[in-house]
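Throughout, the numbering used here is defined as the position within the sequence shown, counted from one, plus 25. Worksheet: one structure, shown below.
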Amino acid sequence: NDHRLVDMGLNNYWGYNTIGFFAPHNAYASWGDRGQQVLEFKSAVRALHEAGIEVILDVVYNHTAEGNHLGPTLSFKGIDNPQYYRLTDDPRYYMDTTGTGNSLLMRSPHVLQLIMDSLRYWVTEMHVDGFRFDLAATLARQFHEVDRLSSFFDLVQQDPVVSQVKLIAEPWDVGEGGYQVGNFPPLWTEWNGKYRDTVRDMWRGEQRALAEFASRLTGSSDLYQDDGRRPLASINFVTCHDGFPLHDLVSYNQKHNKANGEDNRDGESHNRSWNCGEEGETDNAEVLKLRARQMRNFVATLMLSQGVPMISHGDEFARTQRGNNNAYCQDNELAWVKWADPDAEEDGADGELLAFTRAMVWLRKDHPVFRRRRFFHGRPVEGTHDELSDIAWFTPEGKEMTQRDWDSAPASALTVFLNGNAISEPGTRGERITDDSFLLMFNASPRTLDFVVPVNHGRQWEVVVDTARSDGVPPHTGPKVQAGDRLTLLDRSLTVLQRPV
């Protein structure tokens, strides 16, 4: 804990202030005064593996808890300060690309050895399945600029242990040129910040280029295809631990971080959020209804996108931090997850969102057309004997998009056809994969619109998702619609139609 937090009666709830790179934090264990946290961590990993759940460890190798020149001497400062930290021309001071006061010296053999030894330890001894690297752009700063050819990436690539687990980058830091989404090497997957920004902007009514939304929905080929990576390189997300949870994203225009003791100066000020008409808590039924619909829109868009979806903890039942978008120091009800009683009935808006999220997860899991391992071709796929393209884009009038539409139309109202009979990649045993086909109808505009079901892409369809409904999913068998029919989509809603293969 920083002295500042202790003096204010706060607590570094998140961590992210590492000194021991080989030890689980004892405060996270039920009893850890003599190293029992190691046994508890191993037991937790074993139990999660038995339940079929992989363990990804969030690791912070970009800085330590020793802070800047005013910080304490706890470890590396006292061992060999200039060999472990990046210093300015005046060696009393530290270069800081992390926002924490210091940055590790990534061209130092001692630092690189420490990181690689630590990574191997967590895989071989603790049996984790991969890592999420905090502020990973700093790890590529061998000198001043971010360099994808840095020694760190070479060491990871050649390591027989570390190169075989999942490697997830937070592909930015706070230094010059630190935003590096799409620029990590082929072994790596990335938190796709451009996906987050594009989807947030679309559903809050900001004008976004249609081509950008199309790329984010289909796996961000503009970011990952050129270096041979595939849609799985994109970790798609709308919210994470940094910033607003989903409930607050649709409830607050401004951050409310007074409880952090920094006069509301900390935390991101440009959140791309929209409060749906009133700031914060409200009893306005229409505002609450719109907020619930917006949360369903975000969950559905995430689950319908190519790539790897990431849901932040508690978003599935509308967890709130009451407008605080930087809750790292709130070890209290503000940041805790309020777990529901598993035996209690799921009712109310939170229960409906949880049920809807489960339904969307199952829809994605049941249909490989939402989990393609290769990018779309935009044309018929050889060997499928199907004359239709693997993907097609339509205006709300049901007409296929022209170049003029692509150049001028905002990403607010469109229909996407996904051809389940044109999946090019084989299954795990070499078999051909076929699936149902889907029409995704997005109306992110502030007005109700009629959508025409495209002709020549299937005669009859069934409505399987409609975020305008409070439950989001029609019970049992959804309404049937025919090619050429008109569907009315409420403002800020999406509808999914399904056609059996």
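We put the beta carbon where it would ideally sit given N, CA and C, even for glycine. All of these numbers come straight from a predicted model, not from anything done at the bench.
What are the boundary residues of the beta strand (DSSP E) that residue i is part of?
i, result
"K191", "191–194"
"E287", "Note, E287: premise wrong, no beta strand (DSSP E); not H, not E."
"P334", "333–335"
"S437", "Neither: S437 is in no beta strand (DSSP E) and is coded neither H nor E."
"Y216", "For clarity, residue 216 is Trp in the given sequence; the question names Tyr instead. Note, W216: beta strand (DSSP E), 214–216."
"R511", "511–514"
"E311", "Here E311 belongs to no beta strand (DSSP E); instead the alpha helix (DSSP H) covers 310–329."
"Q71", "Reading off the sequence, residue 71 comes out as Arg, not Gln. Looking at the DSSP string, R71 is not in any beta strand (DSSP E); the run it does join, the alpha helix (DSSP H), is 61–75."
"S259", "259–262"
"L474", "474–477"
"D491", "485–491"
"F419", "416–419"
"F158", "155–158"
Checking 7 Å against the spacing of the C-beta atoms, do residue i and residue j come in under that value?
i, j, result
"R389", "M328", "yes"
"E341", "R398", "no"
"V181", "V148", "no"
"P185", "E215", "no"
"A417", "F442", "yes"
"F46", "S188", "no"
"S414", "R429", "no"
"E237", "T223", "yes"
"Y118", "H152", "no"
"L546", "F467", "This structure does not reach residue 546, given that the chain is present from 26 up to 526, and the question cannot be answered."
"D461", "V526", "yes"
"G126", "G92", "yes"
In this structure, how does DSSP classify residue i when only helix, strand and coil are distinguished?
i, result
"F209", "coil"
"L465", "strand"
"V84", "strand"
"E450", "coil"
"V521", "strand"
"A234", "strand"
"K505", "strand"
"W39", "coil"
"F178", "helix"
"L30", "helix"
"D58", "coil"
"E425", "strand"
"F46", "coil"
"F401", "coil"
"L443", "strand"
"Y18", "Look at the range of the chain in this structure, 26 to 526, and you will see that residue 18 is not part of it."
"E277", "The sequence given here places Tyr at residue 277; Glu does not occur at that position. Coil at Y277, not helix or strand."
"L129", "strand"
"L164", "helix"
"L242", "helix"
"Y119", "strand"
In the DSSP assignment, the alpha helix (DSSP H) including residue i goes from what residue to what residue?
i, result
"E377", "373–391"
"P134", "134–149"
"D432", "428–433"
"G103", "101–109"
"V171", "Looking at the DSSP string, V171 is not in any alpha helix (DSSP H), and its letter there is neither H nor E."
"L274", "271–274"
"L248", "246–249"
Should residue i be labelled buried (16 or more other beta-carbon atoms within 10 Å of its own) or exposed?
i, result
"Q138", "exposed"
"E150", "exposed"
"W299", "buried"
"H501", "exposed"
"H338", "exposed"
"K505", "exposed"
"V362", "exposed"
"L64", "exposed"
"N309", "exposed"
"R111", "buried"
"P49", "buried"
"Q232", "exposed"
"P116", "exposed"
"I44", "exposed"
At least three beta-carbon pairs within less than 8 Å, the stretch 371–385 to the stretch 491–505 | yes
Three-pair Cβ contact test at 8 Å for the stretch 75–92 versus the stretch 155–175 | yes
Do the stretch 103–118 and the stretch 56–64 make contact, defined as three or more Cβ pairs closer than 8 Å?
-> no
Counting Cβ pairs closer than 8 Å, one from the stretch 296–304 and one from the stretch 201–216, do we hit at least three?
-> No, they do not touch.
State whether the stretch 464–480 contacts the stretch 509–516, with contact taken as three or more CB pairs (one from each stretch) at a distance under 8 Å.
-> yes
So does the stretch 264–283 actually touch the stretch 339–358, counting three or more Cβ pairs closer than 8 Å?
-> yes
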